[in-house]
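Q: After the structure tokens below, expect a handful of questions from me.
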Amino acid sequence: MAVTEEVLHRQAQGDLNNHISSAQATFAQILLVIRRIMSGNQFVSALGTNFYLHYPPSNFGDWYRPKMLPV
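At position 25 of the sequence shown the residue is numbered 24 (numbering that gives the first Met the number 0), and the sequence of numbers has no breaks.
Right, dumping it as structure tokens:
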């Protein structure tokens, strides 16, 4: 039983579409992980331009540790 060119083309196109969909989903998941890491952990770049280290005033309560605040 021979496989026609049309059947082969459909199978190849279906496999390609599945691969593209899988790659898009994986890429979206990776971007979501990066976004959560940056927002949840207050990601600080090597240049120090995204956040600065801030000590509050002495009359500001029990805040003895510095805080990382967005610029």
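Where a beta carbon is used, it is the ideal one built from N, C-alpha and C, also for glycine.
Bear in mind that the values here come from a model prediction, so they are computed numbers and not experimental data.
Can F26 be considered in contact with the ligand COA, in the sense that its beta carbon sits closer than 7 Å to one or more heavy atoms?
A: In the structure on display, the ligand COA does not appear, and there are no ligands present to speak of.
Q: Going by DSSP in three states, V6 sits in which element: helix, strand or coil?
A: helix
Q: Grouping DSSP H, G and I as helix and E and B as strand, with all else coil, what is A24?
A: helix
Q: If you draw a straight line from the alpha carbon of R34 to that of A27, how long is it in whole angstroms?
A: 10 Å
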